[in-house]
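Some notes on the structure that comes next.
2 protein chains.
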Amino acid sequence: MAKIRLFIDHPLAQGQAVPLGPDQAHYLSGVMRQSPGDEIAVFNGRDGEWLARIEQVGKRGGSLLAQAQTAPQMNPPDLWLIFAPIKKARTDFIVEKAAEMGASRILPVQTDHTNSERIRQDRLQAHAVEAAEQCGGTFVPEVGDLQPLSRLLDGWDGQRRILWADEALAGPAQTLAGLARGPWAILIGPEGGWSESERKRLSAHDFVTRVGLGPRILRADTAAVAALALWQAQLGDW
Amino acid sequence: MAKIRLFIDHPLAQGQAVPLGPDQAHYLSGVMRQSPGDEIAVFNGRDGEWLARIEQVGKRGGSLLAQAQTAPQMNPPDLWLIFAPIKKARTDFIVEKAAEMGASRILPVQTDHTNSERIRQDRLQAHAVEAAEQCGGTFVPEVGDLQPLSRLLDGWDGQRRILWADEALAGPAQTLAGLARGPWAILIGPEGGWSESERKRLSAHDFVTRVGLGPRILRADTAAVAALALWQAQLGDW
Chain A
3 MAKIRLFIDH
13 PLAQGQAVPL
23 GPDQAHYLSG
33 VMRQSPGDEI
43 AVFNGRDGEW
53 LARIEQVGKR
63 GGSLLAQAQT
73 APQMNPPDLW
83 LIFAPIKKAR
93 TDFIVEKAAE
103 MGASRILPVQ
113 TDHTNSERIR
123 QDRLQAHAVE
133 AAEQCGGTFV
143 PEVGDLQPLS
153 RLLDGWDGQR
163 RILWADEALA
173 GPAQTLAGLA
183 RGPWAILIGP
193 EGGWSESERK
203 RLSAHDFVTR
213 VGLGPRILRA
223 DTAAVAALAL
233 WQAQLGDW
Chain B
3 MAKIRLFIDH
13 PLAQGQAVPL
23 GPDQAHYLSG
33 VMRQSPGDEI
43 AVFNGRDGEW
53 LARIEQVGKR
63 GGSLLAQAQT
73 APQMNPPDLW
83 LIFAPIKKAR
93 TDFIVEKAAE
103 MGASRILPVQ
113 TDHTNSERIR
123 QDRLQAHAVE
133 AAEQCGGTFV
143 PEVGDLQPLS
153 RLLDGWDGQR
163 RILWADEALA
173 GPAQTLAGLA
183 RGPWAILIGP
193 EGGWSESERK
203 RLSAHDFVTR
213 VGLGPRILRA
223 DTAAVAALAL
233 WQAQLGDW
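Protein chains in written order, with the numbering used here: chain A, 3 to 240; chain B, 3 to 240.
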């Protein structure tokens, strides 16, 4: 984990030259005191992890040379996380944890009781990248733009099932035991919980499975991590 | 959740007068703008949740009168969380989440690679109280003082099994399926992972069960929430 790992949106292959943007060049030279000849780990979300040698690095930019693949590309299971943004720190946290725990896509939605009306998609995407850099992952989940839950459901492909965490349902979480593998999305509500019309609509869809997360009310960020853990252990790659 | 909930370390019963300390009095009058006659929810970790009417409230203190029990005392399963403190914010987070997820006791330990040498036990205990206030719980887990893991293990009662999260073991988390109910403790390592001697010792104890948390390396705080979720779903009260 001490090793420097950078996400770089550029093809990676044996002997591939990789340009560095100003931010990454500054991070490597200014912050991490790296110089030409030093080696770091890089990944692009598609080609696994590569050992790369720093060729040049300066204020305005620099370049790397990909040496050898150090880890194969590892993609998470086909699991999406749909959540209603909450306070900034906890929203950042949900995105970081979802990336760590192997969500393949992260979709912020507006619900009837959503506390926050807007998000900084670019900042959340950067959190997902940083989580992958920190945790040795080779995949970075895409963070979507904020959209109304109703619109998301209007265009929903029923082939993907939704695991609906409903705080009104006090356990048992074991309901996951019977569920079929395949594409899923976990749906976590806002601090304010679900509205009656949302409850009615979600209950009406046959691709939605309602699940409880125990007798204690969990904060939205806790519920997200807990549901991801249960899904990964039962239906995912744990 | 909008309702004001306060933890009060005082017996609660029908018609019981409950004194308010300066901090809680200030919170109620100064911050929450409550005045005599207003009603709040209180709990003491033993007698369930009570509706209490504010009798007097001022700068220096005040008093409540317990009206009626609004929720029975609900204790979590006999599950401890043992963890190595990390950066302040993430340590606070682990305590908050453990309280939310129903750990009955929280024990910070020093390991060979523990990043942090000291904790503020009183501050962490306050986080556990706040989590219970926020999440509708009636129980507050005790947060222990920082102690060396080796000393904790020296005095360990083998009747309580330890679920040892080892990042070196890449899945499957399903190993929990076969585990027996009863008193357990979840053991989460520091960012730096476990030392060889710690691995050797933990592997030697027959009350220790080693478990992996999937193919991606999880931060310590993520691992704590994930392990608590898996235990609660399999062996706890979810």
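Where is the CB? At the ideal position from N, CA and C, for every residue including glycine.
Since we're looking at a predicted model, the values are computed, not measured.
Residues of the stretch 93 to 104 of chain A with a C-beta less than 7 Å from any C-beta of chain B: Lys-99, Glu-102, Met-103, Gly-104, listed in chain order. The beta-carbon distance between Ala-54 (chain B) and Thr-140 (chain B), rounded to whole angstroms, is 14 Å. This is too long to meet the 8 Å contact definition. Ranked by Cα distance from Ala-206 (chain A), the first of A:Trp-166, A:Ala-222, A:Asn-117 is A:Trp-166. Its Cα nearest to that of Leu-8 (chain B), the residue B:Gly-50 stands out among B:Gly-50, B:Gly-160, B:Val-97, B:Asp-159.
Segment contact: the stretch 105 to 116 of chain A against the stretch 145 to 160 of chain A, three or more CB-CB distances shorter than 8 Å; contact assigned. A distance below 7 Å separates the beta carbons of Ile-6 (chain A) and Ile-42 (chain A). Look at Phe-85 (chain A) here: in three-state DSSP terms it is strand. Contact between the stretch 206 to 223 of chain B and the stretch 182 to 193 of chain B is present: 3 or more CB-CB pairs across the two stretches fall below 8 Å.
Within the DSSP secondary-structure output, Gln-112 (chain A) pairs in a beta bridge with A:Pro-150. Cβ-Cβ distances below 6 Å link Val-44 (chain A) to Leu-8, Ile-10, Trp-52, Ala-54 in the same chain, with the five nearest sequence neighbours on each side left out; the list follows chain order.
Nearest C-alpha to Ala-91 (chain A) among A:Asp-80, A:Arg-122, A:Val-20, A:Pro-185: A:Arg-122. For Gln-58 (chain A) and Leu-14 (chain A), the gap between their C-alpha atoms comes out near 17 Å.
Spatial neighbours of Glu-135 (chain B) in its own chain (CB-CB distance under 7 Å, excluding positions within 5 residues in sequence) are listed in chain order as Arg-7, Leu-8, Phe-9. Residues are counted here when their Cβ sits less than 8 Å from a Cβ of chain A; for the stretch 212 to 228 of chain B these are Gly-214, Leu-215, Gly-216, Pro-217, Arg-218, Ile-219, Leu-220, Arg-221, Thr-224, Val-227, Ala-228, given in chain order.
Taking CB atoms only, Gln-234 (chain B) has a neighbour in chain A less than 7 Å away.
Rounded to whole angstroms, the separation of the alpha carbons of Gly-39 (chain A) and Leu-30 (chain A) is 12 Å. In the DSSP annotation of this structure, the continuous segment of the alpha helix (DSSP H) that includes Ile-96 (chain B) starts and ends at 90 to 102.
Among the residues facing chain A, Ala-86 (chain B) is not included, as its CB has no counterpart in that chain under 7 Å away. Within a 10 Å sphere around the beta-carbon of Pro-87 (chain B) sit 16 or more other beta-carbons, which makes this residue buried.
Taking C-beta separations shorter than 6 Å and ignoring five residues to either side along the sequence, the partners of Ser-118 (chain B) in its chain run Pro-87, following chain order.
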